[in-house]
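Worksheet for the structure shown next.
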Amino acid sequence: MPAQNRSASPSLLTQQLEGVLERITYQNEENGYTIAKLIPRGKSQEITVVGTLTGANVGESLRLQGMWINHVQYGRQFEVRSFEVTMPATVEGLRKYLGSGLIKGIGPVNAGRIVDAFGIETLEVIESAPQRLLEVAGIGEKRVEMILKAWEEQKQIKEIMLFLQSNGVSTSLAVKIYKQYGQNAIQVVRTDPYRLARDIYGIGFKTADKIARQLGIAEDAPSRIQAGLLFALGKLSGEGHCYAERGQLLNAAAGLLEIEAALCEPQVDLLVAQGDLILEEEALYLPPFHYAEVGAAGKLRRIQTDARDRLAVFKTINWPLAFNALDKVSSFQLTEQQKLAVRMALTEKVSVLTGGPGTGKSTITFSIIQLLKERYCSVLLAAPTGRAAKRLSEATGLEAKTIHRLLEYSPTSSDAFVRDQENPLDADMIIIDETSMVDILLLNHLLSAIETGSHLVFVGDVDQLPSVGPGNVLRDMIDCGEIPVTRLDTIFRQSEDSYIIVNAHRINQGEFPQFSTQSKDFFLFPEEDAEKAADRVVELTTTRIKSKFGFNPQTDIQVLSPMHRGDTGVSELNRRLQNELNPPSASRTEYRQGGRVFREGDRVMQMRNDYERKIFNGDMGVIQQIDLENQALSLDFEGRLVPCEYSQLDELTHAYAVSIHKSQGSEFPVVVIPILMQHYMMLQRNLLYTGVTRARKMVVLVGSKRAIARAVKNNQIARRNTRLASRLRVKQTR
Ligand SMILES: Nc1ncnc2c1ncn2[C@@H]1O[C@H](COP(=O)(O)OP(=O)(O)OP(=O)(O)O)[C@@H](O)[C@H]1O
């Protein structure tokens with residue numbers, strides 16, 4: 001509830017109120033703003049309390065400082081200024097407290113039994129004589145162990161919350177802080193609060209900075225400025241840059257720190273002297289990206305120039321004969337351009353194959369593999385994502401892995417990538433698909449594991465959005481002019497009544513897509529107004545496409561939005577689509593965290609790579625089960641069940657609608673895309689192109705022709721700071 005909605009007539013005196021927290025009606029995860037019900041001591045009627053109540057749990061006794069106000073709509077309520085927690089002091093309070101799901105292993109039933117057995121002494125028993133819990137029916141050794149562990153954790157987390165109170169650290173972030181640093185958490189935060197922003201997903205610089213300031217770190221303290229500079233550069237890397245120009249970084253850091261850029265200048269030099277930043281001709285790099293860029297360029301050149309060639313046999317073969325043999329087993333002949341691409345891959349140590357949908361990339365890959373097989377040469381196939389690897393495998397009939405799996409990535413071992421220069425991949429050729437999604441770090445790891453005699457083929461569509469991570473690897477390899485490239489431009493997959501591929505190519509060439517009444521797979525629903533467009537997207541997705549074409553809204557139709565905010569943004573559409581497609585139901589357990597409700601049956605997407613659970617940024621799944629007692633969810637990722645704790649929920653988002661950026665590398669039978677002038681900043685050709693090419697069977701655009709025209713015309717691809725291309729041009733790489 002936004003503060004401005006409250007019309008208060010505060011009494012001038014701060015008052016004190018004590019009572020038991022009955023229920024949390026709403027809690028904003030980010031700032032802790034809470035609306036809750038409390039029973040004041042000695043009373044039996046609930047009252048409403050509002051304000052920051054981070055860390056307070058249902059059943060606890062609270063001592064609140066604040067004032068009574070009269071809300072125009074909700075009436076009399078107590079507005080909290082500050083609060084203290086005391087442990088529950090009544091049997092009823094204890095029952096609520098323990099039964100609220102606070103302690104893993106104790107649900108409402110067990111809570112009732114425990115409190116029945118020990119009454120007001122309950123917490124004392126858990127704390128000092130936990131073995132007595134065995135006296136309670138239904139509680140065995142295992143559960144006692146679990147309860148004790150959770151109790152201990154809970155105490156630690158509470159301490160962290162108290163320490164960080166009023167810094168906007170929510171319970172789930174406190175849990176993360178505890179998980180990251182264990183018992184030393186408070187010590188770590190006190191020594192270097194900025195570590196929080198570096199180490200913990202979900203804590204940004206602003207939060208860490210607020211904590212630091214409260215701990216007494218001055219506005220112009222070198223440690224603060226240095227942290228700000230490193231964070232600002234990290235943020236630029238998050239936008240795809242490998243480095244920042246000095247001025248660009250100074251401005252970004254000064255904005256973040258709200259100080260003069262001149263104050264940051266000396267700290268840049270210090271960071272360079274300390275080795276925390278690398279300066280190269282006015283470009284400032286975070287060391288891993290510099291290392292990766294220099295490393296990748298050097299390795300690519302070495303592979304190209306090394307005299308060893310595991311496929312030397314192809315230097316002398318009779319190509320017309322080889323292609324004739326290929327034609328015999330195929331229903332069509334390769335074009336001259338396609339033949340050249342096949343030859344290039346087999347005779348050049350490193351080559352690139354790029355083209356839009358249906359131009360023959362898979363066909364060429366398949367032909368290359370055929371020729372390799374005939375000569376008993378070995379080949380390995382990989383792609384950056386699981387989905388892309390699966391598609392590559394289907395297209396070629398051979399096993400294809402994710403690049404991480406190919407390199408035997410294991411996050412727990414000291415060498416994260418088992419495959420490297422000491423232990424390279426043993427193959428005559430390595431083919432990488434969907435290269436546009438490979439970032440500079442992954443490219444460098446991959447190249448480390450390539451023997452100089454092997455051939456490397458990078459396949460992809462350079463007009464797709466570039467990788468999420470830093471770099472513009474495929475474009476740089478093409479632009480440098482040093483690596484042989486085939487650009488496929490003839491479309492083959494084009495049936496009479498299919499407009500998807502034709503229109504994808506039109507968009508890519510800057511032409512307005514065709515909307516024909518003949519079309520059965522490419523539609524526009526004109527709508528200028530955002531609210532109406534949102535209504536239309538919801539209607540199409542939940543009922544209309546199903547009733548007209550039989551596609552299943554739960555599994556076949558994906559809404560892709562250019563934006564996160566607004567009526568047609570990802571967040572709002574997710575909320576509405578969840579309500580329609582998976583509404584509240586007694587048979588489906590749900591769990592509310594902050595403003596979001598996770599419900600069994602929900603479609604979700606993982607937002608960051610988790611190598612332990614083997615789920616990756618962009619992977620989609622379904623919430624199979626929510627276990628309130630054990631505070632865990634079970635997620636179904638394409639048939640594989642993956643556990644998810646409450647504290648990991650901030651890595652998960654609903655996926656009824658996802659951003660076009662996040663949809664990279666995935667395909668869906670039907671995509672529905674809102675596209676409006678409100679999305680002005682995002683109206684870029686490669687964004688629309690990427691969205692449209694995600695569809696296998698149908699594209700439905702909802703929006704204005706003007707917005708489509710603007711996207712199609714806008715080919716100003718946001719520039720990324722990378723030097724891979726220029727390094728590849730220099731014979732002796734730095
Ligand atoms: N020279 C050709 N003559 C006739 N048909 C062809 C030729 N080359 C490819 N095709 C056909 O065109 C279709 C598209 O080719 P392919 O799947 O290889 O393209 P692609 O670039 O991999 O597409 P996408 O990226 O969308 O998967 C296939 O059905 C293929 O059999």
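Counting from 1, one number per residue, gives the positions in the sequence shown under full-length UniProt numbering.
C-beta: ideal position from N, C-alpha, C; glycine also.
Residues near residue i in its chain [Cβ-Cβ closer than 7 Å; skip 5 each side]
i	result
A463	In the sequence as presented, Ala is not what sits at residue 463; that position holds Asp. If we look at D463 and ignore the five residues flanking it on each side, its Cβ neighbours are G356, N508, N686, Y689.
L300	V350, L447, L728
Q304	K349, V350
A297	L724, R727, L728, T733
D199	Q180
A322	L371
Q333	D327
Y97	N57, V58, G59, E60, P88
L215	R190, P193
D91	Contrary to the premise, residue 91 reads as Val rather than Asp in this sequence. Contacts found: V115, G119, I120.
I615	Q606, F637, V642
Local conformation of residue i per DSSP, three classes
i	result
V272	helix
Y194	coil
P583	coil
K697	strand
D567	coil
N508	helix
F515	coil
T207	helix
R719	coil
C264	helix
S7	Reliability fails at S7, whose pLDDT of 38 lies under 50, so the model's placement of it is uncertain and the value that follows must be treated cautiously. Coil at S7, not helix or strand.
E46	coil
Y656	coil
S726	helix
T733	For T733, the predicted model reports a pLDDT of 43, less than 50, meaning its position is unreliable; a value from the coordinates is still stated below. DSSP places T733 in coil when its eight states are reduced to three.
residue 735	Residue 735 falls outside the range modelled here, since the chain spans only 1 to 734, and no answer is possible.
L398	coil
F522	strand
S666	coil
P287	helix
Rounded C-alpha distance that separates residue i from residue j
i	j	result
F289	D610	21 Å
E645	G93	26 Å
Y656	L577	6 Å
G639	I24	35 Å
R588	L196	36 Å
I478	E293	16 Å
V658	S561	6 Å
P526	A707	11 Å
P553	R575	15 Å
K361	G618	24 Å
P424	R613	26 Å
M682	A416	36 Å
M429	S467	24 Å
R603	L62	38 Å
V712	Q678	16 Å
Option nearest residue i by Cα separation, candidates the options
i	options	result
G59	P88, S454, V700	P88
G55	A36, S128, R195	A36
E422	T435, T452, L524, L62	T452
residue 744	V175, G202, A208	With the chain covering 1 to 734 only, the question about residue 744 has no answer from this structure.
A389	K401, L380, T396	K401
D276	A227, A307, E245	A227
A718	A185, E239, G460	E239
Y376	A383, I368, A382	I368
L701	T568, I615, P411	T568
A212	F163, L233, N251	F163
Neighbourhood of residue i by C-beta distance below 6 Å, restricted to the same chain and skipping five residues each side
i	result
C480	A725, L728, R729
D220	L263
A283	Y243
G469	D439
E528	S704
Cutoff 9 Å: residue i Cβ touching any chain C Cβ
i	result
L353	The structure shown contains no chain C; it is built from a single protein chain.
Spatial neighbours of residue i in its chain, beta-carbon cut-off 8 Å, leaving aside the 5 residues before and after
i	result
F668	D556, I557, Q558, R694, A695, R696
E135	A117
G204	A197
Legend entry - Residues surrounding ligand 1 [beta-carbon distance to nearest heavy atom under 5 Å]: So the residues near ligand 1 by this Cβ test are F332, T335, P357, G358, T359, G360, K361, S362, T363, F492, R493.
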